[in-house]
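> Input: one structure, supplied below.
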Amino acid sequence: MLEPNSSSVDRALDAIRAGQLLAIPTETVYGLGADASNRDAIQKIYQLKGRPTDHPLIIHVQAPPTGSKNLEKEWLSILSPWTRHIPESAMILIKHFWPGPLTLVFEKSKSVLDCVTGGQTTVAIRSPAHPLTQELLRRFGGGIAAPSANRYGRISPTSAADVEAEFPNNPDLLILDGGSCEHGIESTILDVSGEGPPKLLRPGSISPTMIKAGTGVDVVSGLSTVNQPRVSGTHLAHYAPHTPLYLYSESGIASQLDPLIHKVPQAKFAVIVWEHQLSHYRTELEAFLSNLTLIAIAMDSALFAKQLYRLLRDLDQGQYEGIFIPSPPKTEAWDAVRDRLQRASFGSGPSSSSHASS
Ligand code: TXA
Ligand code: MG
Numbered sequence: 014m015l016e017p018n019s020s021s022v023d024r025a026l027d028a029i030r031a032g033q034l035l036a037i038p039t040e041t042v043y044g045l046g047a048d049a050s051n052r053d054a055i056q057k058i059y060q061l062k063g064r065p066t067d068h069p070l071i072i073h074v075q076a077p078p079t080g081s082k083n084l085e086k087e088w089l090s091i092l093s094p095w096t097r098h099i100p101e102s103a104m105i106l107i108k109h110f111w112p113g114p115l116t117l118v119f120e121k122s123k124s125v126l127d128c129v130t131g132g133q134t135t136v137a138i139r140s141p142a143h144p145l146t147q148e149l150l151r152r153f154g155g156g157i158a159a160p161s162a163n164r165y166g167r168i169s170p171t172s173a174a175d176v177e178a179e180f181p182n183n184p185d186l187l188i189l190d191g192g193s194c195e196h197g198i199e200s201t202i203l204d205v206s207g208e209g210p211p212k213l214l215r216p217g218s219i220s221p222t223m224i225k226a227g228t229g230v231d232v233v234s235g236l237s238t239v240n241q242p243r244v245s246g247t248h249l250a251h252y253a254p255h256t257p258l259y260l261y262s263e264s265g266i267a268s269q270l271d272p273l274i275h276k277v278p279q280a281k282f283a284v285i286v287w288e289h290q291l292s293h294y295r296t297e298l299e300a301f302l303s304n305l306t307l308i309a310i311a312m313d314s315a316l317f318a319k320q321l322y323r324l325l326r327d328l329d330q331g332q333y334e335g336i337f338i339p340s341p342p343k344t345e346a347w348d349a350v351r352d353r354l355q356r357a358s359f360g361s362g363p364s365s366s367s368h369a370s371s
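Numbering (my numbering), first residue to last: 14 to 371.
Okay, here's the thing in structure tokens:
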């Protein structure tokens, strides 16, 4: 692991140039990176992750230096090796949100390797906001292709130690330690490759309402038009812990727990509750309290997103028979968290790898 010091980016750069794998910190989650123009290096990503080769990767690019006079021209030159065409609305989004947790899917240029795009005619690109990774990208000059640095179907890593835990003692993987991730869930993905408004392929911390408010650009849902799993996270089972994960509604938790505890009276469960309802649940679940670890969390979608994968990883180590999480409010602010929770709950449990690769 490379500690964040003055020589760590030098060593990271050597690894990327040599076609090796490098885990990179970003503001969303850690990525499993390799030189986007090196076919052999890209194969290593698919191999280590265990990801099907038709699931395309995101290419990470540098941002122009702050204070650039002609931002649009600089972005065009950074993107020109990868994209065929940048629609006007996409440039507005780029200028407003990059570097940041937003991935855009463009028509790809001829030179982009098929193995990066899973054979598709489009390419996903984002400029991550993490300063170490920006420094690396600027000095490298090229693109770094990187999916989240977890084994296929599993929880994305939000710290360097999480990456190490996913791929323990792997001499072929260097990890650039950039601390804990600021957002904690993967970027918002918009398809800007077609005619018409950008289509939302994966919700993230930048919501359609924020995009409209910040730029005036309308975003439409792209989820229903996806007939193939172009976004691997759109598989029903994903982001999953080994421990079974149950979502509960406000009234439903006692009736969900009752039969489980009846069956195995010694069983331990972790129950996440909204902070403002903690005393309510202490009373409601009184009969079961010796079986439960109650964890109070504030009802704040950004904070919840930031803690979610950390919490799931930690609870997964905790010998629980199950993890209970309250269903988030059905509002747009919670779309990204709800999306991850639903997939995590569908893919959870010891036999989940069979769901996850379906
Ligand atoms: O925040 C993030 O996006 C993180 C960090 C590391 O940048 N990356 C990430 O990568 O979440 P990954 O591979 O786990 O998810 C990226 C998604 C994939 O599900 C992939 O299918 C989708 O982006 N994607 C990539 N290229 C695409 C394309 N041409 N069209 C549609 N979806 C694409
Ligand atoms: Mg992923």
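Think of the CB as a built atom: it goes at the ideal place given N, C-alpha and C, for glycine as much as any other residue.
1. Output the distance between the C-alpha atoms of Arg-167 and Met-223, rounded to the nearest integer angstrom.
2. Which of helix, strand or coil does DSSP assign to Gly-227?
3. Between the C-alpha atoms of Asp-313 and Asp-23, what's the straight-line distance to the nearest angstrom?
4. State the DSSP-derived secondary structure class of Glu-120, mapped to helix, strand or coil.
5. Determine whether the beta carbon atoms of Thr-171 and Val-42 lie at a separation below 8 Å.
6. Between the region 274-287 and the region 194-202, can you find at least three pairs of beta-carbon atoms closer than 8 Å?
7. Would you grab the beta carbon distance between Ile-55 and Val-129 for me? Rounded to a whole angstrom, and I think it's under 8 Å.
8. Compute every distance between the C-beta of Ser-169 and the non-hydrogen atoms of the ligand MG, then say whether any falls below 7 Å.
9. For Ser-161, is the beta carbon positioned less than 7 Å from some heavy atom of the ligand FAD?
10. What separation, rounded to the nearest whole angstrom, lies between the Cα atoms of Leu-89 and Gly-235?
11. Could you check the C-alpha separation between Ala-11 and Glu-40 for me, to the nearest Å?
12. Judging by CA-CA distance, which residue of Glu-16, Arg-52, Asn-18 is the nearest neighbour of Ile-29?
13. Could you say which of Arg-215, His-275, Asp-271, Thr-134 lies nearest to Asp-352 if we only look at CA atoms?
14. Just to check, is the beta-carbon of Glu-40 closer than 7 Å to a non-hydrogen atom of the ligand MG?
15. Kindly give me the distance between the Cβ atoms of Ser-218 and Ala-315, rounded to whole angstroms, as I take these residues to be in contact under 8 Å.
16. Considering only C-alpha positions, which residue in the set Met-14, Gly-44, Ile-157, Ala-300 is nearest to Lys-62?
17. In the structure shown, what three-state DSSP assignment does Ser-234 receive?
18. Here's a check: name, in chain order, each residue in its chain whose Cβ is nearer than 7 Å to the Cβ of Arg-151, leaving out the five neighbours to either side.
19. Out of Ala-178, Pro-65, Ser-140, state which residue places its alpha-carbon closest to the alpha-carbon of Asn-163.
20. Among the residues of its own chain, which have a CB less than 7 Å from the CB of Leu-84, if the five just before and after it don't count?
21. List the DSSP bridge partners of Phe-301.
22. If you compare alpha carbons, which of Asp-27, Val-350, Leu-321 is closest to Ile-188?
23. Count the other C-beta atoms from every protein chain shown that fall within 10 angstroms of the C-beta of Gly-191, then say buried if there are 16 or more, exposed otherwise.
24. Just list the beta strand (DSSP E) runs in the region 129-200, keeping only unbroken ones of 3 residues or longer that don't cross its boundaries, in chain order.
25. Can you tell me the Cα-Cα spacing of Tyr-294 and Ala-318, whole angstroms?
26. For Pro-100, tell me which candidate among Leu-117, Ile-58, Ala-47, Arg-326 has the shortest Cα-Cα distance.
Based on what the coordinates show:
1. As a first step, residue 167 must be located in the sequence shown, where it is residue number 154. As a first step, residue 223 must be located in the sequence shown, where it is residue number 210. About 29 Å.
2. Counted from its first residue, the sequence shown places residue 227 at position 214. It is helical.
3. Residue 313 sits at position 300 when you count from the first residue of the sequence shown. Residue 23 sits at position 10 when you count from the first residue of the sequence shown. Computed Cα separation, rounded: 38 Å.
4. For the purposes of this step, residue 120 is identified with residue 107 of the sequence shown, where counting begins at 1. Residue state, collapsed to three classes: strand.
5. Within the sequence shown, numbered from 1, the residue matching residue 171 stands at position 158. Within the sequence shown, numbered from 1, the residue matching residue 42 stands at position 29. For Thr-171 and Val-42, yes; Cβs fall inside 8 Å.
6. no
7. Position 42 of the sequence shown, counted from the first residue, corresponds to residue 55. Position 116 of the sequence shown, counted from the first residue, corresponds to residue 129. Between Val-129 and Ile-55 the Cβ distance is about 6 Å, and since that is below 8 Å, they are a contact.
8. For the purposes of this step, residue 169 is taken as residue 156 along the sequence shown, with counting starting at 1. Yes, the ligand MG has a heavy atom inside 7 Å of this Cβ.
9. Absence of the ligand FAD from the depicted structure is noted, with the ligand TXA and the ligand MG being the only ligands included.
10. Here residue 89 refers to the residue found at position 76 of the sequence shown. Here residue 235 refers to the residue found at position 222 of the sequence shown. C-alpha separation (whole angstroms): 25 Å.
11. With the chain represented from 14 up to 371, any question about residue 11 goes unanswered, as that position is not in the structure.
12. As a working mapping, residue 29 is identified with position 16 in the sequence shown. Comparing Cα-Cα distances from Ile-29 to each of Glu-16, Arg-52, Asn-18, the minimum goes to Arg-52.
13. As a first step, residue 352 is located in the sequence shown; it is residue number 339 there, counting from the start. Of the listed residues, the one whose Cα sits closest to Asp-352 is Arg-215.
14. Translated into positions along the sequence shown, residue 40 becomes position 27. No, Cβ of Glu-40 sits at least 7 Å from all heavy atoms of the ligand MG.
15. As a first step, residue 218 is located in the sequence shown; it is residue number 205 there, counting from the start. As a first step, residue 315 is located in the sequence shown; it is residue number 302 there, counting from the start. Their Cβ separation, rounded to whole angstroms, is 7 Å, which keeps Ser-218 and Ala-315 in contact under 8 Å.
16. The count along the sequence shown starts at 1 and reaches residue 62 at position 49. It is Gly-44.
17. Locating residue 234 in the sequence shown gives position 221, where the first residue counts as 1. Looking at Ser-234 - three-state DSSP - the assignment turns out to be strand.
18. Taking the sequence shown and counting its residues from 1, the one referred to as residue 151 is at position 138. Contacts found: Gln-75.
19. As a working note, residue 163 is residue 150 in the sequence shown. Selected option, being the one with the closest Cα: Ala-178.
20. Counted from its first residue, the sequence shown places residue 84 at position 71. Closer than 7 Å at Cβ, skipping near neighbours: Pro-77, Lys-108.
21. Here residue 301 is taken as the residue at index 288 of the sequence shown, counted from 1. BP columns for Phe-301 are empty, so no partner.
22. To locate residue 188, count along the sequence shown from 1; it is residue 175. Among Asp-27, Val-350, Leu-321, the Cα nearest to that of Ile-188 is on Asp-27.
23. Sequence index remark: in the sequence shown, residue 191 carries index 178 (1-based). Buried.
24. 135-139, 186-188
25. In the sequence shown, counting from the first residue as 1, residue 294 sits at position 281. In the sequence shown, counting from the first residue as 1, residue 318 sits at position 305. Roughly 22 Å between the two C-alpha positions.
26. The count along the sequence shown starts at 1 and reaches residue 100 at position 87. Measuring from the Cα of Pro-100, the nearest candidate turns out to be Leu-117.
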